[in-house]
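Residues 463 to 677 in the numbering used here are what the sequence shown lists, from first letter to last. To start, the structure under review is shown below, and the notes come after it.
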Amino acid sequence: MDTSAIRSSSLFKGMSDEEFETALHNLGAHERTFAKGETVLRAGNTTREMGIILAGSVTIENEDLWGNRTILNLAESGDFFAEVYAILGNEPLLVNVRANEDCRILFLRLGGSLLEQTGGWQAKLVQNLLLISSRKNLVLSGRAFHTSPKTIRGRIMAYLDTMSRKKNSRRFDIPFDRQQMADYLNVERTALSKELGKMKKDGLIDYSRNHFAIL
């Protein structure tokens with residue numbers, strides 16, 4: 463297993479090379495591959511492992527009993543998922559994690575006596591996990607901001623404004639196709655496409671597939 467891709471990961475910040483290798487060994491690091499559309503983790507199940515995306519991306523989704531899907535977040539190469547569930551161990555997942563494209567994922571086993579350690583690589587790992595979880599809470603807060611406007615146009619504008627600021631440009635690519643964008647903004651795909659067309663006609667935006675420009 464090539465570990466060079468994750469050596470600079472924020473999860474291992476502050477660790478020496480020796481601590482890094484010890485952490486991977488003690489956390490049972492192992493790599494798995496998933497095809498596009500394959501379920502990585504399923505809602506209702508439990509997990510003791512967190513994932514680090516080495517290549518590709520996954521969507522974090524909520525799906526109700528009627529099959530209605532809401533995309534809560536998209537995690538890309540270098541991102542993490544399920545770390546809180548892995549620490550808790552026995553807490554059923556409330557979300558599905560699904561491969562958005564072919565991907566490679568490194569899994570690490572958390573929990574046990576990890577949180578009881580007060581020094582060494584364990585303490586550094588716990589501190590880094592806390593910072594990672596705090597940043598992810600900000601991301602989820604961002605989604606709440608994007609879905610709070612009452613109109614579809616308001617939601618689109620809120621989301622595109624955030625993406626523009628994130629990319630530091632008025633021209634940028636978004637990580638979603640139309641159906642995923644609709645699921646993320648919690649609107650119907652046809653209504654989303656119709657409103658995007660109106661906004662383009664009104665001279666507010668231009669777009670081609672997942673490339674957008676704020677005019």
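Here a beta-carbon is modelled for each residue, glycine too, at the ideal position from N, C-alpha and C. From a predicted model like this one, the values you see are computed outputs, not experimental measurements.
Within a Cβ cutoff of 6 Å, which residues of the same chain sit near Phe569, ignoring the five residues on either side of it in sequence? In the sequence shown, counting from the first residue as 1, residue 569 sits at position 107. Taken in chain order, the residues that qualify are His492, Glu511, Gly513.
Out of Phe674, Gly665, Leu587, Arg615, point me to the one whose CA is closest to Lys629's CA. Counting from 1 along the sequence shown, the entry for residue 629 is found at position 167. Here the closest residue by C-alpha is Phe674.
Beta-bridge pairing of Phe543 - partner residues as DSSP gives them: Locating residue 543 in the sequence shown gives position 81, where the first residue counts as 1. Bridge partners of Phe543: Gly513.
Beta-carbon contacts of Leu516 that lie in its chain and below 6 Å, excluding the five residues immediately before and after: Translated into positions along the sequence shown, residue 516 becomes position 54. Counting only Cβ-Cβ distances below 6 Å, and skipping sequence neighbours, we find Ala467, Arg566, Leu568.
What are the start and end residues of the beta strand (DSSP E) that includes Arg469? Counting from 1 along the sequence shown, the entry for residue 469 is found at position 7. Here Arg469 belongs to no beta strand (DSSP E), and DSSP marks it neither H nor E.
Which residues in the same chain have their Cβ closer than 8 Å to the Cβ of Leu550, if we skip the five residues on either side of it in sequence? Within the sequence shown, numbered from 1, the residue matching residue 550 stands at position 88. Once the five neighbours on either side are set aside, the close Cβ partners of Leu550 are Gly573.
Would you tell me roughly how many angstroms separate the C-alpha atoms of Thr465 and Gly659, rounded to the nearest one? On the sequence shown, position 3 is the one that residue 465 refers to. On the sequence shown, position 197 is the one that residue 659 refers to. In a straight line, the C-alpha of Thr465 is about 45 Å away from that of Gly659.
Just to confirm before moving on: does the CB-CB distance between Asn558 and Arg504 stay below 7 Å? Position 96 of the sequence shown holds residue 558. Position 42 of the sequence shown holds residue 504. It is a contact, given that the beta carbons lie within the stated cut-off.
Inter-stretch contact (C-beta, 8 Å, three-pair minimum) for the stretch 584-596 and the stretch 468-476: A contact exists between the stretch 584-596 and the stretch 468-476.
Under the assumption that Phe638 contacts Met625 (Cβ atoms under 8 Å), give the Cβ distance between them as a whole number of angstroms. Taking the first residue of the sequence shown as 1, we reach residue 638 at position 176. Taking the first residue of the sequence shown as 1, we reach residue 625 at position 163. Not quite, the Cβ-Cβ distance comes to about 10 Å (not below 8 Å), so this is no contact.
Run through the DSSP bridge pairs and tell me what Ala537 is partnered with. Sequence index remark: in the sequence shown, residue 537 carries index 75 (1-based). Looking at the DSSP output, Ala537 shares a beta bridge with Val520.
When we look at the beta-carbon of Asn562 and count the other beta-carbons within 10 Å, is it buried (16 or more) or exposed? Within the sequence shown, numbered from 1, the residue matching residue 562 stands at position 100. That one is buried.
Residue nearest to Ala644 in terms of C-alpha spacing, selected from Arg494, Glu500, Thr532, Pro611: Here residue 644 is taken as the residue at index 182 of the sequence shown, counted from 1. Nearest option by C-alpha distance: Thr532.
Three-way DSSP call (helix, strand, coil) for Asp526 in this model: By one-based count along the sequence shown, residue 526 stands at place 64. Of the three classes helix, strand and coil, the one that applies to Asp526 here is coil, per DSSP.
Taking 7 Å as the cut-off, decide whether the C-beta atoms of Val520 and Val546 are in contact. Numbered from its first residue, the sequence shown carries residue 520 at position 58. Numbered from its first residue, the sequence shown carries residue 546 at position 84. Taking 7 Å as the Cβ cut-off, Val520 and Val546 do not qualify as a contacting pair.
Simplified DSSP state of Ala561, which is helix, strand or coil: Numbered from 1 along the sequence shown, position 99 holds the residue referred to as residue 561. Ala561 falls in the strand class under three-state DSSP.
Neighbour-count burial assignment, Glu523, 16 or more Cβ in a 10 Å radius: Taking the sequence shown and counting its residues from 1, the one referred to as residue 523 is at position 61. Its Cβ being crowded by 16 or more others within 10 Å, Glu523 is buried.
Extent of the continuous alpha helix (DSSP H) to which Val502 belongs: As a first step, residue 502 is located in the sequence shown; it is residue number 40 there, counting from the start. For Val502, no alpha helix (DSSP H) segment is defined; the enclosing uninterrupted segment is the beta strand (DSSP E) at 501-503.
Take Ser603 as the anchor and find which of Ala497, Leu534, Phe496 has the nearest alpha-carbon. Position 141 of the sequence shown, counted from the first residue, corresponds to residue 603. It is Leu534.
Given this structure, state the Cα-to-Cα distance separating Asn599 from Thr613, to the nearest angstrom. Translated into the one-based positions of the sequence shown, residue 599 becomes position 137. Translated into the one-based positions of the sequence shown, residue 613 becomes position 151. Pairing Asn599 with Thr613, the inter-Cα distance amounts to about 25 Å.
Looking at Arg632: is its Cβ nearer than 7 Å to the Cβ of Ile594? Position 170 of the sequence shown, counted from the start, is the residue given in the question as residue 632. Position 132 of the sequence shown, counted from the start, is the residue given in the question as residue 594. The answer is no: Cβ separation not under 7 Å.
Measuring straight from C-alpha to C-alpha, what distance separates Gly518 and Leu666? Walking along the sequence shown from the start, residue 518 turns up at place 56. Walking along the sequence shown from the start, residue 666 turns up at place 204. Looking at the backbone, the Cα of Gly518 and that of Leu666 are separated by about 32 Å.
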